[in-house]
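Novice: Everything in the sequence shown is counted per the working numbering, starting at 2 for the first residue and increasing by one.
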Amino acid sequence: MDEYMGIVKLFAGNFAPRGWMFCDGSILSIAQNSALFSLLGTTYGGDGISTFALPNLIGRMALGAGNINAKSYPLGIVSGTEQNTLLQQNMPSIGGGFQLKVANKNANSATPSAASAIAISGTTTGRDFTAVPSFVSDAPDTAISPQSISFTGQGLPVNNMPPFLGLNYIICVAGIYPPRD
2 MDEYMGIVKL FAGNFAPRGW MFCDGSILSI AQNSALFSLL GTTYGGDGIS
52 TFALPNLIGR MALGAGNINA KSYPLGIVSG TEQNTLLQQN MPSIGGGFQL
102 KVANKNANSA TPSAASAIAI SGTTTGRDFT AVPSFVSDAP DTAISPQSIS
152 FTGQGLPVNN MPPFLGLNYI ICVAGIYPPR D
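(1) Looking only at its chain, what residues have a beta carbon closer than 6 Å to the beta carbon of M162, apart from the 5 residues adjacent to it on each side?
(2) Just to confirm, are V9 and Y170 a CB contact at a threshold of 7 Å?
(3) When DSSP labels each residue in this structure, what does L37 get in the three-state scheme?
(4) Could you compute how far the alpha carbon of G156 sits from the alpha carbon of L166?
(5) What whole-angstrom Cβ distance do V103 and T131 have, given they're in contact under 8 Å?
(6) Among G14, C173 and P158, which residue has its Cα nearest to the Cα of L88?
(7) Give me whichever residues DSSP pairs with S30 in a beta bridge.
(8) Measure the alpha-carbon distance for Q33 versus V174 and round it to whole angstroms.
(9) Under three-state DSSP, which class holds Q155?
(10) Distance, Cα to Cα, A115 vs S122?
(11) In whole angstroms, what is the alpha-carbon distance linking R19 and I69?
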């Protein structure tokens, strides 16, 4: 085998070639894989006494370990989610708060349009008030109580997965021990 032990590659086949194993988090014996253990240690799991684990890249993407923008990504860190639920705190704030305005005019149209506003829903004739559909072509000029506005939703998670193609990650378990210099 002309590959360095511990190298991880993508493989389009449905089996791991000789000298390679799937990066599936398998627990291996230190006694039977001492050279590979000396490279991986317990970074990916195991008890470090008799066992260690291979990296588990099933359903995950690899991320370069290191520091960037004051954020640390140590070797072996597992993080991220496939789905996130957006909460009110995640929504953008609206400068000055949210305000709903209506026109302080009697309605004169039963048909909404891009140029109409919600208006007083009816007309007054003497002491009588006749309810009618509530649209008027005047500009909205009266704020209504914030308690009359509510945001509804179902709180369903949002899929966070980018487009993907399933391939197998494999790791070389029998190869050349990598020199340090």
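The beta-carbon is built from N, C-alpha and C at its ideal position, and this holds for glycine as well.
Specialist: So, from the listed chains and residues:
(1) As a position in the sequence shown, residue 162 is number 161, starting the count at 1. The answer, listed in chain order, is E83.
(2) Within the sequence shown, the letter at position 8 stands for residue 9. Within the sequence shown, the letter at position 169 stands for residue 170. Between V9 and Y170, the C-beta gap is smaller than 7 Å, which places the two residues in contact.
(3) Translated into positions along the sequence shown, residue 37 becomes position 36. Note: L37 maps to helix in three-state DSSP.
(4) As a first step, residue 156 must be located in the sequence shown, where it is residue number 155. As a first step, residue 166 must be located in the sequence shown, where it is residue number 165. Whole-angstrom Cα-Cα distance: 28 Å.
(5) Here residue 103 refers to the residue found at position 102 of the sequence shown. Here residue 131 refers to the residue found at position 130 of the sequence shown. At roughly 18 Å, the Cβ-Cβ gap does not stay under 8 Å, so V103 and T131 are not in contact.
(6) Start at 1 with the first residue of the sequence shown, and residue 88 comes out as number 87. Looking at the Cα atoms, P158 is the closest of the given residues.
(7) One-based indexing of the sequence shown puts residue 30 at position 29. The partner list for S30 (beta bridge, DSSP) reads T52.
(8) Sequence index remark: in the sequence shown, residue 33 carries index 32 (1-based). Sequence index remark: in the sequence shown, residue 174 carries index 173 (1-based). When rounded, the distance between both Cα atoms is 11 Å.
(9) Residue mapping note: residue 155 aligns to position 154 of the sequence shown, counting from 1. Three-state result, Q155: coil.
(10) One-based indexing of the sequence shown puts residue 115 at position 114. One-based indexing of the sequence shown puts residue 122 at position 121. Approximately 18 Å, taken between the alpha carbons.
(11) Indexing the sequence shown from 1 puts residue 19 at position 18. Indexing the sequence shown from 1 puts residue 69 at position 68. Between R19 and I69, the C-alpha separation is close to 37 Å.
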